[in-house]
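When you line the sequence shown up against the numbering used here, it's residues 10 to 361, in that order.
Note that beta-carbon positions come from the ideal geometry of N, C-alpha and C, so glycine has one too.
This one's a predicted model, so the numbers in the text were calculated from it and none came from an experiment.
Written below as structure tokens is the structure these notes are about.
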Amino acid sequence: MPLNKISLAFAACITLVITVVVGVYRYLEYNTHNIYSDSTNSTNILFYGIILIVFLTLYMAIEMLFAYYSKHQIKKIIRTFPNDYFDHARNIGFKELRKTISGLQEKSDAEFYMFKEMENYRKEYIGNVSHELKTPLFSIQGYVDILKDGGIEDLSIRDKYLERIGLSVERLITIVKDLDLMHRLESGEIELKRDIFDVHMLIKEVFDLLDLEAQNTGAHLSLKTSHRQIFVQADKQKIAQVFINLLSNAIHYANRQEAKITVTTNIIKDKVEISVSDNGMGIRPEQLPRIFERFYRVKSSRSRKDGGSGLGLAIVKHILEAHGENIFAKSEYLEGTEFTFRLRYVTPIRQE
């Protein structure tokens with residue numbers, strides 16, 4: 010309730026009490042002494058006038074007391090505020106102060122929720138890291154124990170287990186490298202080396218790099234475009250990593266005899282729109298928002314021993330964000346998935 014209404018209520022109550030007391034006293038006085046005269050009416054008018062003056066005087070006095078109390082209490086309250094709120098809150102009233110405190114409370118609640126989410130994310134992240142690391146570590150430990158228990162004498166067992174140990178070590182190295190890359194991307198330690206290059210040439214180089222991997226899964230890689238060359242300005246090495254991660258991911262999830270993975274390029278104003286699509290298993294709608302999270306695996310039945318650090322799409326997202334771009338995914342379960350992003354287009358210089 011506003012202070013002026015409280016002051017009005019206090020003044021009315023006190024005035025009412027005074028009126029009742031004085032009225033009773035006058036009534037008893039007149040009845041005791043039988044005082045009745047023509048001046049009674051004028052006396053009543055004077056009485057009510059005095060009552061009105063008393064009411065107004067009380068109202069003003071209470072209003073002044075509340076004002077003094079408000080300023081005194083506000084000064085005490087704002088001493089507990091952060092420094093950046095003091096100048097703002099110094100001359101405000103209770104209404105404005107209440108709004109300021111409500112704003113602080115909402116901000117505090119939002120920060121508390123954010124810290125809670127960060128804590129949950131930290132716990133999940135640590136759990137995921139430990140889970141990813143312990144799988145190859147336990148494999149190495151198991152193979153070493155077998156070799157120590159006499160398996161090293163059998164050349165076929167020794168060679169097979171040493172090869173598996175080597176694969177597990179490679180997996181550990183991949184995870185550690187990707188973790189280090191994620192850390193440097195998030196902390197801004199990596200500076201982009203922007204060059205102008207033909208993105209089609211880069212895509213073909215990545216196709217050659219992943220050709221054997223694609224053949225092993227029966228996947229067919231193709232480039233779809235209406236331009237012979239398209240030049241972009243970006244960090245060539247980092248964009249190559251983007252293509253490698255997206256195409257490797259599509260190859261791993263290819264579950265058809267005629268798996269097709271297509272890279273499509275198109276020039277839109279000052280950008281080159283690039284899409285990587287496949288006709289693989291697709292992603293369920295409830296899983297799609299989480300695919301760029303660290304260590305998130307869409308196919309729950311996929312074994313971690315298949316390789317990969319679980320950071321591929323997260324790295325892709327961070328690399329493109331470092332270029333000031335976003336990546337979008339759309340998918341239809343059991344039909345296929347498409348990832349789309351853009352890079353800065355550069356008009357080729359014509360040589361005469």
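Checklist entry - Does the Cβ of residue 57 have 16 or more other Cβ atoms within 10 Å, making it buried, or fewer, making it exposed? => result exposed
Next on the checklist: For the stretch 245 to 263 against the stretch 327 to 338, do three or more pairs of beta-carbon atoms, one drawn from each stretch, fall closer than 8 Å, so that the two count as touching?
Outcome noted: yes
Checklist entry - Do residue 178 and residue 149 have their C-beta atoms closer together than 8 Å? => result yes
Item to check | Status (buried if at least 16 other CB within 10 Å, exposed otherwise) for residue 290 | outcome: buried
Checklist entry - Between residue 199 and the rest of its own chain, which residues show a CB-CB distance below 6 Å, the 5 nearest in sequence each way excluded? => result 193
Item to check | 8 Å Cβ cutoff met for residue 350 and residue 329 | outcome: yes
Checklist entry - Which residue's Cα is closest to the Cα of residue 59: 72, 71, 74 and 25? => result 25
Checklist entry - If you check the beta carbons only, do residue 249 and residue 226 fall under 8 Å apart? => result no
Next on the checklist: Please give the ranges of any beta strand (DSSP E) in the stretch 257 to 293, keeping only runs that are unbroken, at least 3 residues long and fully inside the region.
Outcome noted: 268 to 277 and 280 to 287
Checklist entry - Taking Cβ positions only, does residue 111 come closer than 8 Å to chain D? => result Here chain D cannot be found, since the structure has a single protein chain.
Next on the checklist: Taking 8 Å as the threshold (C-beta atoms), are residue 240 and residue 206 in contact?
Outcome noted: yes
Checklist entry - From this set, 122, 173 and 208, which residue's C-alpha is nearest residue 251's C-alpha? => result 208
Next on the checklist: Contact defined as beta carbons within less than 8 Å: I believe residue 203 pairs with residue 238. What is the distance between those atoms, to the nearest angstrom?
Outcome noted: With 8 Å as the limit, residue 203 and residue 238 do not qualify as a contact, their Cβ atoms being about 18 Å apart.
Next on the checklist: Relative to the C-alpha of residue 284, which candidate in 171, 201 and 231 has its C-alpha closest?
Outcome noted: 231
Checklist entry - Which term fits residue 118, buried or exposed, when burial requires 16 or more other beta carbons within 10 angstroms of its beta carbon? => result exposed
Checklist entry - So, helix, strand or coil for residue 351, using DSSP? => result strand
Next on the checklist: Closest to residue 18 by C-alpha separation, out of 55, 30 and 65, would be which residue?
Outcome noted: 65
Checklist entry - How about residue 23 and residue 67: are their beta carbons less than 8 Å apart? => result yes
Checklist entry - In angstroms, rounded to a whole number, what distance separates the CA positions of residue 132 and residue 332? => result 30 Å
Checklist entry - DSSP puts residue 372 in a beta bridge; with which residues? => result Nothing about residue 372 can be reported from this structure: the residues present for the chain run from 10 to 361 only.
Item to check | Simplified DSSP assignment, three categories, for residue 337 | outcome: strand
Next on the checklist: What does the Cβ neighbour count give for residue 322, buried or exposed, with the cut at 16 atoms within 10 Å?
Outcome noted: buried
Checklist entry - Around the C-beta of residue 287, are 16 or more other C-beta atoms found within 10 angstroms, so that it is buried, or is it exposed? => result buried
Next on the checklist: With H, G and I counted as helix, E and B as strand and the rest as coil, what does DSSP make of residue 346?
Outcome noted: strand
Item to check | Same chain, Cβ closer than 8 Å to residue 342, five either side skipped, listed in chain order | outcome: 290, 291, 292, 293 and 294
Checklist entry - Going by Cα to Cα distance, which pick from 223, 55, 170 and 197 is closest to residue 154? => result 170
Checklist entry - Helix, strand or coil: how does DSSP classify residue 229 here? => result strand
Next on the checklist: Buried or exposed for residue 182, going by 16 or more other Cβ atoms inside 10 Å?
Outcome noted: exposed
Next on the checklist: Quick check: residue 300 and residue 191, are their CB atoms within less than 8 Å of each other?
Outcome noted: no
Next on the checklist: At the level of alpha carbons, what is the spacing between residue 166 and residue 122?
Outcome noted: 54 Å
Checklist entry - How big is the Cα-Cα spacing for residue 279 and residue 354? => result 5 Å
Item to check | Buried or exposed by the 16-neighbour rule on C-beta atoms within 10 Å, applied to residue 33 | outcome: exposed
Checklist entry - What is the rounded straight-line gap between the Cα of residue 180 and the Cα of residue 146? => result 10 Å
Checklist entry - If you run the structure through DSSP and keep just helix, strand and coil, what is residue 303? => result coil
Checklist entry - Alpha carbon to alpha carbon, how far is residue 272 from residue 233? => result 6 Å
Checklist entry - Would you report the Cα separation of residue 352 and residue 276, rounded to the nearest angstrom? => result 10 Å
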